[in-house]
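Visitor: Please find one structure pasted underneath; my questions will follow.
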Amino acid sequence: MSAPTLNPPADRPGLWGWDRVRLEAWFVARGEPAYRARQVLSWLHRRGVGDVDAMTDLGRAGRAGLAASFDTRRLLPDGVFRSADGTEKALFRLSGGAAVETVLIPEEGRTTLCVSSQAGCPIDCAFCATAAQGFQRNLEAHEIVAQVRWAIDRVGREGLTNVVFMGMGEPLANYRAVASVCRLLLDPVAYGLSRRRITVSTSGLVPQMRRLADELDVALAVSLHAAHDALRERLVPLNRVHPLAEILAACRYYLARRPDRHVLVEYTLLDGVNDGTDEARALVRLLRGLAVKVNLIPFNPFPGSAFRRPADARVAAFQDVLTRAGVFTRLRRTRGDDIAAACGQLAGEVRDRRKHAPGAEIPCSSHRAA
Ligand code: SAH
């Protein structure tokens, strides 16, 4: 199936990615009332209507201006894969040929969408499949919103409860687009998701962590994976630029700005590398005094990966050290690994993937003017 990809000309931004502040400024600059922005957001994000001609309450000038200035097409997935556990993964082919994946994870009482913010990733963590494909480009805000729209098509507006920026890419390296999407997710006129249900995850881009704390009321997740700089440098090369002390200081800054929150610490357990009880104790010491919850993610293998997943007993022993020290710790259950949709398995390639899910690909139309 070769669906044409959305390829907006550079001078026509994608309307689906514009948040209220930007749209209001745009209308005001044209001599139109600021409330037009709310009308547009409601058509797009509440009603799912992207056809400007159908936005009857905008007035003729408003409609003509929008149509001339924006690309209103909506990107649709090229393929959808279903896991035996109910997890679904959609593949979006972007202009320029890159592809990204999005994962929809139904759980008891909630459904979480894991969105991608970049095609590939520049951070190059040693144990991540996305890193192995290098970095192609940042996603535009509308390309991230397209992932949200797909999830709403699947489970409805009420059905989608959580959005996590834990797919492909480093969200804080694409700050502007990610911030726009967060604003749309939070805006009651657009998606109106609870501030507790939007999580931005970072490998430790310290300046942007501080900026996020200042500007956006969303949950922060930090991928630590090690409690010592020497080990973390091997796993997350960015640690040479922003070592642990700086990252922890940025966490404290975030918590000072958001006193009712905690920081979610992600820790991928790699057999024989960072999963010993000594490392667990070092992690306890590192996190002492911070409002954190720890998510342990046993390594998810991918073709060509050099690491192994630890045995269950090692995982349990690591978790035990944290729990006994009073650190709230959850073990993240692997979801969707039969369709390569688990943490760290997203590589945005259709090739080789069909064999994981025979017959699971749902034909879908190309992008349409929604
Ligand atoms: N770049 C951001 C967003 C990715 S979130 C970040 O690093 O936080 C995905 C989480 O899964 C990160 O904590 C990442 O380090 C982790 N991860 C990557 N590859 C993995 C793998 N193969 N197995 C388990 N977890 C992995």
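Each residue of the sequence shown is one higher than the one before, starting from 161 at the first, in this note's numbering. The beta-carbon is built from N, C-alpha and C at its ideal position, and this holds for glycine as well.
Suppose the cutoff is 6 Å on Cβ atoms and the five residues either side in sequence are ignored; what does the same chain contact list for residue 522 look like?
Guide: The count along the sequence shown starts at 1 and reaches residue 522 at position 362. Low per-residue confidence applies at residue 522: pLDDT is 29, beneath 50, and the placement is therefore not dependable enough to give any value.
Visitor: Using only CA atoms, which one of 476, 311, 358, 302 lies nearest to residue 255?
Guide: On the sequence shown, residue 255 is found 95 positions in, with the first residue counted as 1. Closest by alpha carbon: 302.
Visitor: If you follow the alpha helix (DSSP H) that residue 411 is in, where does it begin and where does it stop?
Guide: Taking the sequence shown and counting its residues from 1, the one referred to as residue 411 is at position 251. Per DSSP, residue 411 belongs to the alpha helix (DSSP H) from 404–417.
Visitor: Here's the rule I'm using: 16 or more other beta-carbon atoms within 10 Å means buried, otherwise exposed. How should residue 246 be labelled?
Guide: Within the sequence shown, the letter at position 86 stands for residue 246. Result: exposed.
Visitor: Helix, strand or coil for residue 283 per DSSP?
Guide: Taking the sequence shown and counting its residues from 1, the one referred to as residue 283 is at position 123. Looking at residue 283 - three-state DSSP - the assignment turns out to be coil, as it is neither helix nor strand.
Visitor: Please state whether DSSP places residue 231 in a helix, a strand or coil.
Guide: Along the sequence shown, read from residue 1 onward, the residue named residue 231 stands at position 71. If DSSP states are grouped into helix, strand and coil, residue 231 belongs with the strands.
Visitor: Using the Cα positions of residue 294 and residue 498, report the straight-line distance between them to the nearest angstrom.
Guide: Locating residue 294 in the sequence shown gives position 134, where the first residue counts as 1. Locating residue 498 in the sequence shown gives position 338, where the first residue counts as 1. Their Cα atoms are separated by approximately 23 Å.
Visitor: Should residue 464 be counted as a contact of ligand 1 given a C-beta to heavy atom distance under 7 Å?
Guide: Translated into positions along the sequence shown, residue 464 becomes position 304. False, no ligand heavy atom lies under 7 Å from that Cβ.
Visitor: Relative to the C-alpha of residue 531, which candidate in 507, 333, 382 has its C-alpha closest?
Guide: Outside the modelled stretch of the chain, which goes from 161 to 530, sits residue 531, for which no answer is possible.
Visitor: Closer than 7 Å: is that where the CB of residue 304 sits relative to any heavy atom of ligand 1?
Guide: Here residue 304 corresponds to residue number 144 of the sequence shown, with the count starting at 1. For ligand 1, not one heavy atom lies less than 7 Å from the Cβ of residue 304.
Visitor: Taking the alpha-carbon of residue 225 as reference, which of 394, 205, 258, 190 has the nearest alpha-carbon?
Guide: Start at 1 with the first residue of the sequence shown, and residue 225 comes out as number 65. Among 394, 205, 258, 190, the Cα nearest to that of residue 225 is on 190.
Visitor: Can you name the start and end residues of the alpha helix (DSSP H) that residue 193 belongs to?
Guide: Residue 193 sits at position 33 when you count from the first residue of the sequence shown. Run containing residue 193: none; DSSP gives neither H nor E here.
Visitor: Using only the alpha-carbon positions, how far apart do residue 338 and residue 483 sit?
Guide: For the purposes of this step, residue 338 is taken as residue 178 along the sequence shown, with counting starting at 1. For the purposes of this step, residue 483 is taken as residue 323 along the sequence shown, with counting starting at 1. Rounded to the nearest angstrom, the two C-alpha atoms are 33 Å apart.
Visitor: Please go through the segment 422–453 and give each complete alpha helix (DSSP H) segment of 4 or more residues, from N-terminal end onward.
Guide: Runs of the alpha helix (DSSP H) spanning 4 or more residues and lying entirely within the segment 422–453 occur at 437–447, in chain order.
Visitor: Residue ranges of each beta strand (DSSP E) run of no fewer than 3 residues wholly in the segment 330–397, ordered along the chain?
Guide: 358–362, 379–383
Visitor: Since I believe residue 238 is in contact with residue 252 (beta carbons under 8 Å), could you give me their beta-carbon distance rounded to a whole number of angstroms?
Guide: The residue labelled residue 252 in the question sits at position 92 within the sequence shown. The residue labelled residue 238 in the question sits at position 78 within the sequence shown. The pair is a contact, with the Cβ atoms about 7 Å apart (cut-off 8 Å).
Visitor: Can you say whether residue 367 is buried or exposed, counting buried as having 16 or more other CB atoms within 10 angstroms of its CB?
Guide: Position 207 of the sequence shown, counting from 1, holds the residue named residue 367. Answer is exposed; the Cβ neighbour count stays below 16.
Visitor: Taking just the CA atoms, how far does residue 329 sit from residue 305?
Guide: Position 145 of the sequence shown, counted from the start, is the residue given in the question as residue 305. Position 169 of the sequence shown, counted from the start, is the residue given in the question as residue 329. For residue 305 and residue 329, the distance between alpha carbons rounds to 15 Å.
Visitor: Secondary structure at residue 320, three-state DSSP: helix, strand or coil?
Guide: Indexing the sequence shown from 1 puts residue 320 at position 160. DSSP places residue 320 in coil when its eight states are reduced to three.
Visitor: Verify the contact flag: residue 505, CB atom, against every heavy atom of ligand 1, threshold strictly below 7 Å.
Guide: Indexing the sequence shown from 1 puts residue 505 at position 345. Within the chosen limit of 7 Å, ligand 1 reaches the beta carbon of residue 505 through at least one heavy atom.
Visitor: How many angstroms separate the CA atom of residue 298 from the CA atom of residue 279?
Guide: For the purposes of this step, residue 298 is taken as residue 138 along the sequence shown, with counting starting at 1. For the purposes of this step, residue 279 is taken as residue 119 along the sequence shown, with counting starting at 1. Approximately 6 Å, taken between the alpha carbons.
Visitor: Taking the alpha carbon of residue 160 as the point to measure from, which residue in 186, 356, 428 has its own alpha carbon closest?
Guide: Here the chain comprises residues numbered 161 to 530, so residue 160 is not present and cannot be evaluated.
Visitor: So residue 301 is in the alpha helix (DSSP H); what residue range does that whole segment cover?
Guide: Along the sequence shown, read from residue 1 onward, the residue named residue 301 stands at position 141. Unbroken alpha helix (DSSP H) run through residue 301: 301–315.
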